[in-house]
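S.K.: With positions in the sequence shown counted from 1, the corresponding number in the working numbering is that position plus 711.
C-beta atoms are modelled at their ideal positions from N, C-alpha and C, and glycine is treated no differently.
Structure provided below as structure tokens; questions to follow.
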Amino acid sequence: MSQPDVIIVGGGIVGLACARELAACEASVEVLDDGTRPGAATPASAGLLAPFHNAKPDDPVLTLSIRGRDLYRELVPKLRDETGIDAHLWTGGILHVAFTQAEVDRIRGAIAWQRQQGLITDWLDAHDVHQRAPGISRKALGALLGAEDGALDPVAFMEALRVSAMNAGVQITQGQRVDSLVRNHDRVTGVLTTAGPRSAGAVLIAAGCWSGRIAGLPRPLTVEPIRGQMIALEWPAGEPTGIAVSSAGYVLRRGDEALVGSTMEYAGFEPSVTVDGVTRLLDAAGQLYPALDGRPVRRKWAGLRPGCPDGRPIIGPDPVLQDLWYATGHGRSGILLAAVTAEIIAALYCKQPIEHDLSGVSPSRFWAY
Ligand SMILES: Cc1cc2nc3c(=O)[nH]c(=O)nc-3n(C[C@H](O)[C@H](O)[C@H](O)COP(=O)(O)OP(=O)(O)OC[C@H]3O[C@@H](n4cnc5c(N)ncnc54)[C@H](O)[C@@H]3O)c2cc1C
């Protein structure tokens, strides 16, 4: 490709989703990914589509999260038809289980404000929880049911995005690290890579937790790695497919495995698995599903979430340096938010109307000098 309209730095779920949407509005796009980073978040992720997990009243990202979740109902089958790759979208609901009276009060309070905002969540008492998920611990006092929530397989989805983006003309270059931006006065004109300089009409930073390490940014990028460890156990025989979340962790079924997540740790750029992390995950699994207690760990891994101090992503153009864009900082919701992020980036770039209030995710919330 000669000079693309947009170079995207980072080929995780966010970069690839943005590439595909930008190509759909006629931009020529190249994705540069160094492809060698242990700890990349997307392959490590559980793939929950859980907008109510840790949601707070007036959270500016909640409506984006719900939109993001709902986009997958169309997008996953569409990509499966186009690419033959199925990301196994599951939309059977997520239980947020309470084990103490304080958790019951907090969760029931959350349902009250969520319903006031027209969101679909329900309280299930202990009997209803066990009707739905017989393997959940008898100590459960009840649960919030996010009936429309679910999960997808992030690795398969990322592969489907990659193939679809390439079908749409996106060039994906693996094995090239972007070291710095190239600037000409008040605008970005390209990047400097390990293979030399590359010019572009615009540059979109989607490099996950490494986004702030690119030299030449106009100011420090407030994204830092938050480590998440996960383990896989054998799914309990006879238990219907389901996803359950507690204050200690979550368990979801993928194939014949129970995936258990996840720690939230500030450990620098260090995607290692620790004894303490695995112990905490085993405890969380056993609390939710006693049948998982003492099961051998089949696999364990860790990834680095791109975290922002206020827990919200950074989406949109730099307020000062022209032709520099951001789609990063998605923290623990980057799978949920990838499709809606791409929709926003493409609409802004292609000057299409946009329905969402973007003030909560705007780069200028940190950098309005
Ligand atoms: C254990 C765990 C569980 C999670 N569970 C969920 C979940 O259930 N639901 C959910 O919504 N989210 C979840 N997340 C969060 C989600 O995975 C992330 O928010 C999301 O994957 C971020 O995607 P990304 O594309 O921004 O970053 P990444 O997937 O990290 O991709 C960044 C890419 O950029 C490349 N790169 C970096 N720097 C450069 C450079 N200088 N030059 C070239 N390439 C570069 C890297 O190699 C990498 O490929 C989880 C995360 C973890 C770690």
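Does the segment 925 to 934 come into contact with the segment 943 to 958, if we say contact requires no fewer than three beta-carbon pairs (one atom in each stretch) closer than 8 Å?
M.R.: Touching, no.
S.K.: Using alpha carbons as the reference points, say which of ALA918, ILE822, LEU806 and ILE818 lies closest to LEU743.
M.R.: Answer by Cα proximity: ALA918.
S.K.: Mind reading off the beta-carbon distance from ALA955 to ALA844? Whole number of angstroms is fine, and I expect it under 8 Å.
M.R.: That belief holds up - the Cβ atoms of ALA955 and ALA844 are roughly 6 Å apart, short of 8 Å.
S.K.: Can you list, in chain order, the residues of its chain whose CB lies under 8 Å from that of LEU782, leaving out five sequence neighbours each side?
M.R.: Cβ within range, chain order: ALA1050, VAL1051 and GLU1054.
S.K.: Considering Cα atoms alone, identify which of LEU999, ALA1057, SER1044 and SER1075 is closest to ILE777.
M.R.: Of LEU999, ALA1057, SER1044 and SER1075, the residue nearest in Cα terms is SER1044.
S.K.: Does DSSP put ILE1046 in a helix, in a strand, or in coil?
M.R.: Helix at ILE1046.
S.K.: Helix, strand or coil for LEU928, going by three-state DSSP, please let me know.
M.R.: It is coil, neither helix nor strand.
S.K.: Going by C-alpha distance, which of GLY1022, GLY726, ARG888 and SER983 is nearest PRO908?
M.R.: Of GLY1022, GLY726, ARG888 and SER983, the residue nearest in Cα terms is ARG888.
S.K.: Does any heavy atom of ligand 2 sit closer than 8 Å to the C-beta of GLN940?
M.R.: For ligand 2, the structure offers nothing, since it holds only ligand 1.
S.K.: Buried or exposed for GLN1063, please, with buried defined as at least 16 other CB atoms from any protein chain shown within 10 angstroms of its CB.
M.R.: It counts as exposed.
S.K.: Counting Cβ pairs closer than 8 Å, one from the segment 1031 to 1047 and one from the segment 982 to 991, do we hit at least three?
M.R.: Judged by Cβ distances under 8 Å, the segment 1031 to 1047 makes no contact with the segment 982 to 991, as fewer than three pairs qualify.
S.K.: In the structure shown, what three-state DSSP assignment does ARG784 receive?
M.R.: Here ARG784 sits in helix by DSSP.
S.K.: List the endpoints of the continuous alpha helix (DSSP H) containing GLN825.
M.R.: Segment 812 to 827, the alpha helix (DSSP H) holding GLN825.
S.K.: Can you find the residues in the same chain that come closer than 7 Å, C-beta to C-beta, to ASP797, ignoring five residues on each side of it along the sequence?
M.R.: Here the set comprises ARG791 and ALA867.
S.K.: Report the start-end ranges of each beta strand (DSSP E) in the segment 997 to 1031 that is 3 residues or longer and not cut off at the edges.
M.R.: Complete beta strand (DSSP E) runs here, min 3: 1010 to 1018 and 1025 to 1028.
S.K.: Thinking VAL962 and ALA996 are a contact (beta carbons under 8 Å), I'd like their distance in whole angstroms, please.
M.R.: The pair is a contact, with the Cβ atoms about 6 Å apart (cut-off 8 Å).
S.K.: Any heavy atom of ligand 1 closer than 8 Å to the Cβ of HIS841?
M.R.: Not so, every heavy atom of ligand 1 lies at least 8 Å from the Cβ.
S.K.: Based on the DSSP output, what are the partners of ASN895 in its beta bridges?
M.R.: ARG898, per the DSSP bridge assignment.
S.K.: Roughly how many whole angstroms lie between the Cα atoms of GLU737 and ILE724?
M.R.: Between GLU737 and ILE724, the C-alpha separation is close to 20 Å.
S.K.: Mind checking GLN825: buried by the 16 CB within 10 Å criterion, or exposed?
M.R.: So GLN825 ends up on the buried side.
S.K.: Please confirm whether GLY923 and LEU932 have their CB atoms less than 9 Å apart.
M.R.: Against a cut-off of 9 Å, the Cβ pair of LEU932 and GLY923 comes out as a contact.
S.K.: Could you name each continuous beta strand (DSSP E) segment of 3 residues or more that falls completely within the segment 840 to 903, going from the start of the chain to the end?
M.R.: As far as the segment 840 to 903 is concerned, its whole beta strand (DSSP E) runs of at least 3 residues are 853 to 857, 882 to 885 and 889 to 895.
S.K.: Between the alpha carbons of SER973 and ARG964, how many angstroms are there, rounded?
M.R.: Cα to Cα, the separation comes out at about 14 Å.
S.K.: Using the C-alpha atoms, what's the distance from LEU786 back to ARG731?
M.R.: Looking at the two C-alpha atoms, the distance is approximately 12 Å.
S.K.: Considering only residues of the same chain and omitting the five flanking positions on each side of SER713, which have a CB-CB separation below 8 Å?
M.R.: Around SER713: no qualifying Cβ.
S.K.: Please state if the CB of THR794 and the CB of VAL874 are separated by a distance shorter than 9 Å.
M.R.: In contact: VAL874 and THR794 (Cβ atoms closer than 9 Å).
S.K.: At a threshold of 8 Å, does PRO754 count as lining ligand 1 (C-beta to nearest heavy atom)?
M.R.: Because some heavy atom of ligand 1 lies under 8 Å away, the Cβ of PRO754 counts as near it: yes.
S.K.: Leaving out five residues on either side along the sequence, give the residues of the same chain with a beta carbon under 7 Å from the beta carbon of HIS841.
M.R.: ILE847.
S.K.: Am I right that ALA1013 and GLY750 are in contact with their C-beta atoms under 8 Å? What's the rounded C-beta distance?
M.R.: The Cβ separation is near 7 Å, so the contact holds.
S.K.: Taking only the alpha-carbon atoms, compute the straight-line gap between LEU660 and GLY758 and give it to the nearest angstrom.
M.R.: What the structure shows of the chain is the stretch from 712 to 1080, and residue 660 is not part of that stretch, so it cannot be assessed.
S.K.: Ligand 1 and ASP744: does the residue's C-beta get closer than 8 Å to at least one heavy atom of that ligand?
M.R.: True, at least one ligand heavy atom lies under 8 Å from that Cβ.
S.K.: Which of the three DSSP states, helix, strand or coil, is assigned to ASP792?
M.R.: Of the three classes helix, strand and coil, the one that applies to ASP792 here is helix, per DSSP.
S.K.: For the candidate residues VAL971, ILE1026, LEU852 and ASP1021, whose alpha-carbon lies nearest to that of ASP1004?
M.R.: Out of VAL971, ILE1026, LEU852 and ASP1021, VAL971 has the C-alpha closest to the C-alpha of ASP1004.
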